[in-house]
Amino acid sequence: AQAPAATAPAASAPAAAPAATAPAATDQASAPATQNAAADEPKIAVEAVEIDGGKIFVAGTADPGRKVRAYADAILLGDAKTSADGHFLIEATRDIPVGSYTI
């Protein structure tokens, strides 16, 4: 059976709020805080999505020790904690209609 196409550029964790724009030059004290907040955003990459019958596997990397969640569009597939080297594998049994999804 042909597996539904899955796109993987989106993060599997809910997206963080967009970074605030730096204030005008009159308030330079808060600009470094904005830059530090952007540097502290969690990094996540979905490296593979496999579908085998009713099972879905999502593998990738993220910051070590973090909890990650995988979604197919708005459908929660599951969650996992990343290993010490930052890898994760989420296995789910879901009845998802054939189609194109953002993971």
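In our numbering, the protein residues as written are 10 to 112.
Note that the Cβ used here is the ideal one computed from N, Cα and C, for glycine as well.
- The criterion of a C-beta distance shorter than 7 Å is not satisfied by Leu86 and Ile60.
- For Asp88, the uninterrupted beta strand (DSSP E) segment begins and ends at 84–90.
- The straight-line gap separating the alpha-carbon atoms of Gly74 and Thr91 is approximately 5 Å.
- Annotation: Ala57 to Ile112 spans about 10 Å, alpha carbon to alpha carbon.
- In this structure, the straight-line span from the alpha carbon of Arg103 to that of Ala54 is close to 22 Å.
- DSSP links Ile65 through a beta bridge to Ile60, Ala101.
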